[in-house]
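Trainee: Just so we're aligned, residue 37 is where the sequence shown starts under the numbering used here, counting upward by one. Quick one: the structure is below, and I'll ask about it shortly.
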Amino acid sequence: MASIDNLLTIMATLRDPNHGCDWDKAQTFASIVPHTLEEAHEVADAIERKNWSDLKDELGDLLFQIVFYSQLGREQHRFDFDDVVSAVCDKLTRRHPHVFGPKDADGKPLSSPDWEDIKAQERAEKMPSTQSCSLLDGVTQGLPALTRAHKLQKRCARAGFDWPTVAPVIEKVREELEEVEHELAQTPVDASRVEDEVGDLLFAVVNVARHLGTDAEQALRAANQKFERRFRGVENQLRDNGKNIQQCQLDELESAWQAVKKDE
Numbered sequence: 037m038a039s040i041d042n043l044l045t046i047m048a049t050l051r052d053p054n055h056g057c058d059w060d061k062a063q064t065f066a067s068i069v070p071h072t073l074e075e076a077h078e079v080a081d082a083i084e085r086k087n088w089s090d091l092k093d094e095l096g097d098l099l100f101q102i103v104f105y106s107q108l109g110r111e112q113h114r115f116d117f118d119d120v121v122s123a124v125c126d127k128l129t130r131r132h133p134h135v136f137g138p139k140d141a142d143g144k145p146l147s148s149p150d151w152e153d154i155k156a157q158e159r160a161e162k163m164p165s166t167q168s169c170s171l172l173d174g175v176t177q178g179l180p181a182l183t184r185a186h187k188l189q190k191r192c193a194r195a196g197f198d199w200p201t202v203a204p205v206i207e208k209v210r211e212e213l214e215e216v217e218h219e220l221a222q223t224p225v226d227a228s229r230v231e232d233e234v235g236d237l238l239f240a241v242v243n244v245a246r247h248l249g250t251d252a253e254q255a256l257r258a259a260n261q262k263f264e265r266r267f268r269g270v271e272n273q274l275r276d277n278g279k280n281i282q283q284c285q286l287d288e289l290e291s292a293w294q295a296v297k298k299d300e
C-alpha cells in the first residue's frame, strides 16, 4: 500500500493550486478521457506484442489515469480513490456469489453465478423509478463500434431476439452486401445511403463473428496486424529490387503481395 499512497501523493502534488504542474492543474474529467483511451490501447498493444516490460509500464500509465480521475473526484467532493476501490470490491464479491457467497456443509456454493442477471439487477437499481428499463441499458456509448455491436446483439439474444444458427446470419451479410451494391448503382450515388448500408453490413458481420464465438474487435485488430505485416513485406521486397512502391503498377504490387503471402 505504500506504493499506492506514494502515487496518490504525487497526483495530489501535481494538482496543487500553488506548486503543481500547470498542465495537470488545467485538466478536467473530459479532457483526460482521450489519454485514458490511448493508454488502454497501449496496454492491449503491449500484450499483443508479448512485451512484458512495456506492459508493466503501460499498466502503470493506465493506473495513473484512474488515480487522476480519483483526484478530480476528491477535489469536487464526489468520490476519492478509496471509494473507487471499495466500489469495485463490492461489485466483484456481488458478482461472484459462488466464490464469496454462502456454502453448504460440503463447502459447495449455494448459488451459481449469472452475470447478466446480476448486472441487470444492478442497472435496475440505478434506474430512476419513473424511467422504464431496457435490456440495452448500460451498453456504453463510448465503446468501440464493433464491441458495442457485439454487446447489443448479445443482450437481444438473451431475450430470444436472435437466429438459432449461423446460416441465416451469413445470408443476412449477403443481403446487406447486395444493398450496398444497389446504392452504388444509383445515379447519382447518395453517400449517406451508402454509409447507412455499409453500417448495416458491418453490423451483420459482427453478428456472424458472435455466432462463431469470435470477438469481432480482436479479429479486426489481428487482421490489421496481418495486413500491416504483409504490406511492409511488399515494401521490403520492392525496395530490395530497387523499386519504388509508388511507381509500381497494380499488377506488380499484387504479384509482390502474393509472394509475401506464400512466404508466410
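All residues carry an ideal CB built from backbone N, CA and C; glycine is no exception.
With DSSP as the reference, label E139 as helix, strand or coil.
Mentor: Taking the first residue of the sequence shown as position 1, residue 139 is located at position 103. It is Lys, not Glu, that sits at residue 139 in the sequence shown. K139: strand per DSSP, three-state reduction.
Trainee: Is it a yes or a no for the segment 238-257 touching the segment 175-185, going by three-plus beta-carbon pairs under 8 angstroms?
Mentor: With the cut-off at 8 angstroms, the segment 238-257 and the segment 175-185 touch.
Trainee: Which word fits Q189, buried or exposed, when buried means at least 16 other C-beta atoms lie within 10 angstroms of its C-beta?
Mentor: Along the sequence shown, read from residue 1 onward, the residue named residue 189 stands at position 153. By the 10 Å Cβ count, Q189 comes out buried.
Trainee: CB S106 to CB V124, shorter than 7 angstroms?
Mentor: Reading the sequence shown from its first residue, position 70 is the one you call residue 106. Reading the sequence shown from its first residue, position 88 is the one you call residue 124. For S106 and V124, no; Cβs fall outside 7 angstroms.
Trainee: From V244, A292, C192 and F104, pick the residue whose C-alpha is nearest to that of S170; which is it?
Mentor: Sequence index remark: in the sequence shown, residue 170 carries index 134 (1-based). It is C192.
Trainee: For S106, does the three-state DSSP call read helix, strand or coil?
Mentor: Residue 106 sits at position 70 when you count from the first residue of the sequence shown. The answer is helix: DSSP assigns S106 an H, G or I state.
Trainee: Helix or strand or just coil, what does DSSP make of L171?
Mentor: As a position in the sequence shown, residue 171 is number 135, starting the count at 1. Looking at L171 - three-state DSSP - the assignment turns out to be coil, as it is neither helix nor strand.
Trainee: Roughly how far, in whole angstroms, is the beta-carbon of V244 from the beta-carbon of V216, given that I think they are within contact range, below 8 angstroms?
Mentor: Taking the first residue of the sequence shown as 1, we reach residue 244 at position 208. Taking the first residue of the sequence shown as 1, we reach residue 216 at position 180. Not confirmed; about 16 angstroms, so no contact.
Trainee: For D60 and S39, what's the separation of their Cα atoms in angstroms?
Mentor: For the purposes of this step, residue 60 is taken as the residue at position 24 of the sequence shown. For the purposes of this step, residue 39 is taken as the residue at position 3 of the sequence shown. About 21 angstroms.
Trainee: May I have the straight-line CA-CA distance separating S147 from Q177, to the nearest angstrom?
Mentor: Position 111 of the sequence shown, counted from the start, is the residue given in the question as residue 147. Position 141 of the sequence shown, counted from the start, is the residue given in the question as residue 177. Using only the alpha carbons, I get a separation of about 32 angstroms.
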